[in-house]
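If you use UniProt numbering, the sequence shown corresponds to residues 1 to 337, in order.
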Amino acid sequence: MKSNITIKDVAKKAGVSISTVSRVINDSKPVTDEVKQKVLDVIKETGYIPNPLARSLVTKKSQLIGVIVPEVSDSFVNEILNGVEEIAKMYDYEILLANTYSDKEQELKSINLLRAKQVEGIVMISWIVEEEHVEYMQKCGIPASYISKTARDYDIYTVSTSNVDATYDMTKYLLDKGHEKIAFVMTSQDDTILERERLAGYEKALTERNISLDENLIKHGTTTYEGGYNSMKEMLDQGVVPHAAFVTGDEAAIGAINAICDSGYRVPEDISVAGFNDVKIAKMYRPKLTTVHQPLYDMGAVAIRMVIKMINKEILEDKKIELPYRIEERESVIERR
Numbered sequence: 001m002k003s004n005i006t007i008k009d010v011a012k013k014a015g016v017s018i019s020t021v022s023r024v025i026n027d028s029k030p031v032t033d034e035v036k037q038k039v040l041d042v043i044k045e046t047g048y049i050p051n052p053l054a055r056s057l058v059t060k061k062s063q064l065i066g067v068i069v070p071e072v073s074d075s076f077v078n079e080i081l082n083g084v085e086e087i088a089k090m091y092d093y094e095i096l097l098a099n100t101y102s103d104k105e106q107e108l109k110s111i112n113l114l115r116a117k118q119v120e121g122i123v124m125i126s127w128i129v130e131e132e133h134v135e136y137m138q139k140c141g142i143p144a145s146y147i148s149k150t151a152r153d154y155d156i157y158t159v160s161t162s163n164v165d166a167t168y169d170m171t172k173y174l175l176d177k178g179h180e181k182i183a184f185v186m187t188s189q190d191d192t193i194l195e196r197e198r199l200a201g202y203e204k205a206l207t208e209r210n211i212s213l214d215e216n217l218i219k220h221g222t223t224t225y226e227g228g229y230n231s232m233k234e235m236l237d238q239g240v241v242p243h244a245a246f247v248t249g250d251e252a253a254i255g256a257i258n259a260i261c262d263s264g265y266r267v268p269e270d271i272s273v274a275g276f277n278d279v280k281i282a283k284m285y286r287p288k289l290t291t292v293h294q295p296l297y298d299m300g301a302v303a304i305r306m307v308i309k310m311i312n313k314e315i316l317e318d319k320k321i322e323l324p325y326r327i328e329e330r331e332s333v334i335e336r337r
């Protein structure tokens with residue numbers, strides 16, 4: 001089997017024209033079943049691989065969708081990507097991945113790079129989507145959907161869950177377990193719509209129980225293990241010891257658990273801990289983490305399906321899709337006696 005077989009070689013061996021081989025490969029114009037099978041047999045025999053760029057020039061379709069991510073190794077991102085990739089395969093699309101490390105300039109460069117690769121659409125996963133991102137993508141005219149803390153600030157296609165309701169429900173769950181002094185560790189240092197919504201849900205649950213908001217119980221960190229650890233350690237070092245800690249990211253919640261243990265307290269006997277997202281590590285760590293389950297796989301699946309519908313000029317009834325969540329009870333929260 002030769003690695004440098006060309007379409008000309010296939011045509012010669014099959015006894016047909018180059019244009020006939022192209023028609024078979026691209027299914028662009030009808031050929032007889034006999035000729036089609038002869039060409040396919042030669043392609044299989046020779047190991048010929050069609051040039052995707054040349055094919056896209058004929059079909060006007062690259063069958064490529066770009067996916068921009070802030071950090072490919074992040075567990076939140078990784079589970080979303082599983083949904084993106086599986087649905088892409090289902091519709092015969094390939095994924096081109098651009099890892100930006102949350103750098104705004106790199107995100108804009110990635111849009112250009114993916115355009116140069118002739119992607120038909122883009123799924124953008126970003127911690128912070130800014131107006132410049134949105135305007136640039138719209139100027140390019142590429143169908144796009146977004147998963148981001150700030151995406152709902154704009155008139156764009158987004159996938160998310162109801163952050164107000166999810167945070168309210170988890171705070172209420174902790175209150176129902178007897179934890180009135182609840183630390184709220186938000187995994188962002190920015191004033192985003194996501195954090196405002198989550199704070200609103202937290203405050204709403206407290207207000208319903210006539211519990212005053214205590215600023216000493218609120219911390220702003222990052223989504224990382226280190227962010228959760230440092231936020232929780234700082235609170236405990238200041239002499240603020242909550243009944244429970246609600247951390248809005250699972251990796252950060254695990255960091256908070258270790259900070260609690262390093263400070264001489266036990267989880268959940270002394271301080272219960274709850275997380276947000278339900279990534280894989282939430283089930284693997286001990287104690288297993290009670291958390292808000294976000295359907296991350298489904299978020300990725302829905303986001304790319306939106307893009308595929310836009311590519312195919314199908315009608316999209318909703319621009320902003322909210323998927324259901326649930327409280328996943330495990331071992332890190334117990335009833336306070």
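Glycine included, each C-beta is placed from N, C-alpha and C at the ideal position.
query                                                                                                        : result
Pick from Thr171, Tyr48, Ser162 and Leu108 that is closest to Ala244, judged by C-alpha positions            : Thr171
DSSP state of Asp318 mapped onto helix, strand, coil                                                         : coil
Length-filtered (4 minimum) alpha helix (DSSP H) runs lying within the stretch 21-86                         : 33-46 and 52-59
CB contact flag (Val84, Ile95, <8 Å)                                                                         : yes
Thr248 and Thr192 closer than 8 Å at C-beta                                                                  : no
Beta-carbon proximity list for Ile211, same chain, < 7 Å, skipping 5 on both sides                           : Glu180
Pro287 vs Leu323 beta-carbon contact at 8 Å                                                                  : no
Enclosing beta strand (DSSP E) for Tyr219 [first to last residue]                                            : Contrary to the premise, residue 219 reads as Lys rather than Tyr in this sequence. Counting along the chain, the beta strand (DSSP E) containing Lys219 begins and ends at Ile218 to His220.
Helix, strand or coil at Asn277 [DSSP, three-state]                                                          : strand
Same chain, Cβ closer than 7 Å to Ala303, neighbours up to 5 away in sequence not counted                    : Val84, Val123, Ser145, Ile147 and Val159
Residue interval of the beta strand (DSSP E) (run including His293)                                          : Thr290 to His293
Beta-bridge partners of Asn99, as assigned by DSSP                                                           : Val69
CB of Lys36 within 8 Å of CB of Val24, strictly                                                              : yes
Within 8 Å, strictly: CB atoms of Ile281 and Ser75                                                           : yes
Beta-carbon gap between Arg305 and Ile156 smaller than 8 Å                                                   : no
Environment of Ile315 [buried if 16+ CB atoms lie within 10 Å]                                               : exposed
Beta-carbon proximity check, Thr290 vs Arg337, cutoff 8 Å                                                    : no
Element boundaries [beta strand (DSSP E), containing Ile125]                                                 : Gly121 to Ser126
Supposed close pair Ile311, Gly121 - CB separation, criterion 8 Å                                            : 5 Å
Outcome for Asn82 when other beta-carbon atoms lying within 10 angstroms are tallied against a minimum of 16 : exposed
Inter-residue Cα distance where the pair is Val164 and Leu199                                                : 8 Å
C-beta contact flag for Val333 and Leu174 at 8 Å                                                             : yes
Residue nearest to Arg266 in terms of C-alpha spacing, selected from Asp278, Met284 and Leu236               : Leu236
Reduced DSSP category for Tyr265 - H, G, I as helix; E, B as strand; rest coil                               : coil
CB-CB length for Glu79 against Val307, believed under 8 Å                                                    : Not really, about 18 Å apart at Cβ, beyond 8 Å.
Pairwise C-alpha distance: Asn26 and Gly15                                                                   : 18 Å
Three-state secondary structure (DSSP) of Ile182                                                             : strand
8 Å Cβ cutoff met for Tyr253 and Gly275                                                                      : Per the sequence shown, the amino acid found at residue 253 is Ala instead of Tyr. Going by C-beta atoms, Ala253 is nearer than 8 Å to Gly275.
Lys38 to Lys61 span [Cα, whole Å]                                                                            : 25 Å
Arg330, DSSP secondary structure in three states                                                             : coil
When Tyr91, Ile65 and Asn277 are compared against Ser110, the one with the closest alpha-carbon              : Ile65
Met1 (DSSP reduced to helix, strand or coil)                                                                 : Because the pLDDT of Met1 is 42, which lies under 50, any placement of that residue in the model is unreliable, and the question is left without a value.
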